[in-house]
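Read through the structure below, which is laid out as C-alpha cells, and then see the notes.
Chains as they are written, first to last, in the numbering used here: chain Y, 17 to 475; chain L, 228 to 547.
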C-alpha cells in the first residue's frame, strides 16, 4: 500500500491551500497579530464541512511561520485532564509534546495548539472537555486553533467560546478548484487521466477535496491510465449530504406539499427513506406529544408500505410517502424546533449488525437445546433459557449433563456460562463430557439409544 | 444426578398428568382400544399438551415409542417444506413393531402458514391408515377449518392454583426441599397456571439453598423477562424515549423476541405500572392498536416505537 495521498499532498504553505481565500486571509491576519506579544483574540475556530482544508490550513500556517505544533484530535482522550495537560504544556512550559517528547523550542518561537474535531470531543469519556477548552484559551499565552464541522454544537457545549474566539468559515470547494488539485496529483503520480474523468470525480465529491483525492487514489491504484467509465465504481458521495439536507427541509416544512417535495428528488426507496425518518424523529421531536404524534403518523405510513407490497399495488406508496413526510413533520405542534446538525444512519441497522454474533450464539444454543426440552426455539428462549442460565452458573454437574446429552459445543457452553470460550472452566467441562461420552459410546454399540432428533433413515 | 426438573419431572404416564382430567380419561381409553383419531390440542403454554402426547406414545408403544413418534416443531420449521418433506416421509413409512399407526406430534401448529396447513390436510387424509396426527396450538382458531374438522379437538385449561401446588409438592417431596406457604403462593402467582414456569421457578429458587419462601422465589425470578419489560416501560414513562428505544432494540435483536411477544408482555405489565387507572386504560387501548397494526403486517419495531412514544407522552401527561 502506497502512502496516503491526502497526507502526501497536504499543502506545506498557506499559499498552496486551494480555495477559501477570505478564510486564509483571516488566518494570516490573526497569525500576524502574534508577532508582538499575546493579542486579544487568542483562538480561532475554523468551521466548515469535512475535507475542505481546515486542518491543512492550520498545519500550513505552522509551516509558514515555523511554529511548533501541539495537536489533539478525536483519536486522543480529551477529557478535562488530558486537554489541560497537553494544552498546559503547549501554552505554559513550552517543553513537551503530547507524547512527552522533548520539543526543541527556540526562545520566542510560538507553539500552535490545534484542537481538531473540537465539536466531537465531548462524549461521556471526554467529561469536562468543554470547560477545559475554555479555561485553556483563557490561560494560554500561545495561539490556539479549534477546528469543527459543527459550530453550533461546539458553542452549545461551551458558549463562552463565542466571546473568546473568532470564527472563520470554510466553504465547500468548487469542482473546478478540485480538478486543479487532482490534475497536479495525477501528473505527479504519472497517471494519465482526462479532464472529463477528473471532473466526474470532482463533482461526485460534492465539494469535499479530501474525498476527491481518496477516490482518485482508489481508482488509480495499480494503473497508469484512467478512463471515464472507471469512475463508475465511485460510491455516491453526495447521497448522505443530500439526504441530510432533504430531511432538514422536510422536518422544517410548514405545509404538506413542502414536506412531500423535500424528499422527492432523493434516490431512495420509500422503505429506506422511512428508516432515516424513523431514526431522526426522536432528535427532531422533543415534545413528548409531538413525538407520539409523529410516530403514529410513521406507523400509519408503514401500514401503507406493507399493504402496497402485499398487494403488489405500488400506487399506495404515495399515501405512505405523505404520512412519513408531511404526517411526521406536521406533528410538531409545540412550535419549538431543536437544532439537528446531522441525521444519522439508522441505528437499528447498526445494532442489528453488531448483534449478529450474539444472535448467532443464542440461535446455536436454542437450536440444540430446544428439542431436548420438547419446545420450539422461541419457546425455549422465552420460558426455559432465563431459568436455565441461572441454574447452570451454579450447577456444573448440570452443565456437564446437558453437554453429554446434546450437541452443545465449547462456544455454546462458554456463552451459557458467560465465560470466554478458551477459559479453563470450559476446558474442564469438555474433559468431563468426553470422559462420560466416551463410556457412553461403548454402551451405545450394545443397546442403540435414540434421541428425539433421529434421522428418517432409521424408519 | 443433576437434571433440569422440567424434563426430569415430566410425567411419563397419562395417569400422572396434573389437571386435564377429562382429556386424560379420553386418551387412556384410546390406549386401551389401541385406536385414536387425529387430534388437535389447544391451550396455553405449560398446561400439558406436549406431556400428554409423549405419555400417550409411551403407553401405546412401550419401549418402541421413540420409533413411532415424530415430534416436530412448526414454529422452527414453518413453511410448506416441512409438510411435503419430513412429515410426508414419516407418514408413509410403515410403523415399527406390531402397531397399526404411528403418531406425528406437530407442536405450535398455529405457526404453520396457510399454504402449509392446506398441504397438511391432504397428507392427513392420505396416510390416515398408517399415521395419526396430534397438532398442538395455543388457539384452535388459527388452524384452518378443514383441519379442525378432521380432528378431535381437546381444549386444555390453564391449571388452577391447587394444580400448581400438587406439582410443586410432588417435586419437592422427591428432592427433599421445604416450601413455605408463601413460597407456594408466590410460585403460583408468578406461574399463572403454567407448570413449566412453576417448575423452573421452583428449581432456581431451591438452587439458592435452604427453604423456598416468597423471598427466594422473587429473588430467583428477578432479571427474568417481566422486570425487563417493566424497566422498558418505566424508562419510556419517564420520558427517556431514546433510552427506552435502545432497550427495545436489545430485546428484539439480542434476545430475539418477536414484536408480538413484546407487545403481549407490555400488555400484561401495564396493570402494574405506577400511573393512574385512567392512563392504564388509555395505554392498553394503544397496546391493542399496536398489536393490531403489527399483525396486519406492519413493521414491529415502528409499531413498538410508536407505542413507547405514547408511553412517554402519557408519562408526561400524568405528571402535569
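All C-beta atoms in this analysis are idealised placements derived from N, C-alpha and C, irrespective of residue type, glycine included.
Within chain Y, partners of residue i - CB distance below 8 Å
i	result
residue 423/L	399, 400
residue 277/L	390, 391
residue 243/L	The contacting residues do not exist; residue 243/L stays about 16 Å from chain Y at best.
residue 420/L	Near residue 420/L there are no residues of chain Y at all, since even the closest Cβ is about 13 Å away, more than 8 Å.
residue 360/L	Those do not exist, as residue 360/L stays about 16 Å from chain Y at its closest Cβ, beyond 8 Å.
residue 533/L	308, 311, 312, 314, 315
residue 530/L	315, 318
residue 431/L	403, 406, 407
residue 413/L	Within 8 Å Cβ-Cβ: nothing; residue 413/L doesn't reach chain Y, min ~15 Å.
Status (buried if at least 16 other CB within 10 Å, exposed otherwise) for residue i
i	result
residue 410/L	buried
residue 519/L	exposed
residue 109/Y	Because the pLDDT at residue 109/Y is just 45, under 50, the model does not fix this residue reliably, and the point stays unresolved.
residue 354/Y	exposed
residue 55/Y	exposed
residue 421/L	buried
residue 333/L	buried
residue 224/Y	buried
residue 434/Y	exposed
residue 348/Y	buried
residue 428/Y	buried
residue 286/Y	buried
residue 261/L	exposed
residue 327/L	exposed
residue 120/Y	Unreliable placement is indicated for residue 120/Y, whose pLDDT of 43 sits below 50; the coordinate value is still reported in the next sentence. With fewer than 16 Cβ atoms within 10 Å of its Cβ, residue 120/Y is classed as exposed.
residue 390/Y	buried
residue 37/Y	exposed
residue 159/Y	buried
residue 140/Y	With a pLDDT of 47 at residue 140/Y, under the threshold of 50, the predicted position of this residue should be treated as unreliable, and no value is reported.
Under 7 Å from the C-beta of residue i: neighbouring residues of chain L
i	result
residue 404/Y	231
residue 486/Y	Residue 486/Y lies beyond the stretch modelled for chain Y, which goes from 17 to 475, so this question has no answer here.
residue 336/Y	Within chain L, no residue comes near residue 336/Y; the closest Cβ sits about 11 Å away, beyond 7 Å.
residue 411/Y	229, 434
Contact check, residue i vs residue j, beta carbons under 9 Å
i	j	result
residue 181/Y	residue 163/Y	no
residue 352/L	residue 300/L	no
residue 262/Y	residue 282/Y	yes
residue 430/Y	residue 437/Y	yes
residue 456/L	residue 425/L	no
residue 431/L	residue 399/L	no
residue 329/L	residue 285/L	no
residue 528/L	residue 476/L	yes
residue 30/Y	residue 80/Y	yes
residue 359/L	residue 494/L	no
residue 447/L	residue 402/L	no
residue 386/L	residue 274/L	yes
residue 156/Y	residue 24/Y	no
Amino acids of chain Y, ordered along the chain, whose beta-carbon sits closer than 9 Å to that of residue i
i	result
residue 328/L	Here the premise fails: no neighbours, minimum Cβ distance about 13 Å.
residue 520/L	315, 316, 318, 319
residue 234/L	388, 389, 390
residue 335/L	391, 392, 394, 395
Amino acids of chain L, ordered along the chain, whose beta-carbon sits closer than 8 Å to that of residue i
i	result
residue 322/Y	523, 524, 525, 526
residue 326/Y	524
residue 386/Y	300, 303
Short CB-CB distance (under 9 Å) between residue i and chain B
i	result
residue 414/Y	In the displayed structure, chain B is absent; the protein chains listed are Y and L.
Chain Y residues whose Cβ lies nearer than 7 Å to that of residue i
i	result
residue 543/L	304
Quick one, which residues of the stretch 249 to 271 of chain L are near chain Y if we go by CB-CB under 7 Å, in chain order? Cβ contacts with chain Y: none found.
If the cut-off is 9 Å on Cβ atoms, which residues from the stretch 477 to 493 of chain L count as contacting chain Y, listed in chain order? Answer set for the stretch 477 to 493 of chain L: 477, 479, 480, 481, 482, 483, 484, 485, 488.
Are there three or more Cβ pairs, one per stretch, closer than 8 Å when the stretch 306 to 317 of chain L is compared with the stretch 339 to 348 of chain L? Touching, yes.
Stretch-stretch touch, CB-based, cutoff 8 Å, three pairs: the stretch 230 to 249 of chain Y with the stretch 315 to 325 of chain Y: As far as the Cβ criterion goes, the stretch 230 to 249 of chain Y does not touch the stretch 315 to 325 of chain Y, which means the pair count is below three.
Three CB pairs or more closer than 8 Å across the stretch 43 to 51 of chain Y and the stretch 220 to 233 of chain Y: Short answer: they don't touch.
Would you say the stretch 388 to 402 of chain L touches the stretch 243 to 251 of chain L, given that touching needs at least three Cβ pairs under 8 Å? Yes, the stretch 388 to 402 of chain L touches the stretch 243 to 251 of chain L.
Whether or not the stretch 359 to 374 of chain L and the stretch 423 to 432 of chain Y are in contact is what I'm after, with contact meaning three or more pairs of Cβ atoms, one per stretch, closer than 8 Å; do they touch? By the criterion of at least three beta-carbon pairs nearer than 8 Å, the stretch 423 to 432 of chain Y is not in contact with the stretch 359 to 374 of chain L.
Please identify, using Cβ separations under 7 Å, the residues of the stretch 288 to 312 of chain Y that lie next to chain L, in order along the chain. So the close ones are 294, 298, 304, 305, 307, 308, 311, 312.
The stretch 292 to 310 of chain Y contacting the stretch 533 to 542 of chain L, beta-carbon criterion three pairs below 8 Å: With a cut-off of 8 Å, the stretch 533 to 542 of chain L and the stretch 292 to 310 of chain Y count as touching, because enough Cβ pairs lie within range.
Would you say the stretch 192 to 203 of chain Y touches the stretch 161 to 175 of chain Y, given that touching needs at least three Cβ pairs under 8 Å? No, the stretch 192 to 203 of chain Y does not touch the stretch 161 to 175 of chain Y.
Say whether the stretch 339 to 347 of chain Y touches the stretch 268 to 282 of chain Y, bearing in mind that this needs 3 or more beta-carbon pairs closer than 8 Å, one atom from each stretch. Put simply, the stretch 339 to 347 of chain Y touches the stretch 268 to 282 of chain Y. At least three CB pairs are less than 8 Å apart.
Report yes or no: do the stretch 172 to 187 of chain Y and the stretch 63 to 72 of chain Y share at least 3 C-beta pairs separated by less than 8 Å? The stretch 172 to 187 of chain Y, when compared against the stretch 63 to 72 of chain Y, does touch it at the 8 Å Cβ threshold.
Contact list for the stretch 461 to 472 of chain L against chain Y, Cβ threshold 9 Å: Only 466, 468, 469, 472 from the stretch 461 to 472 of chain L bring a Cβ to less than 9 Å from some Cβ of chain Y.
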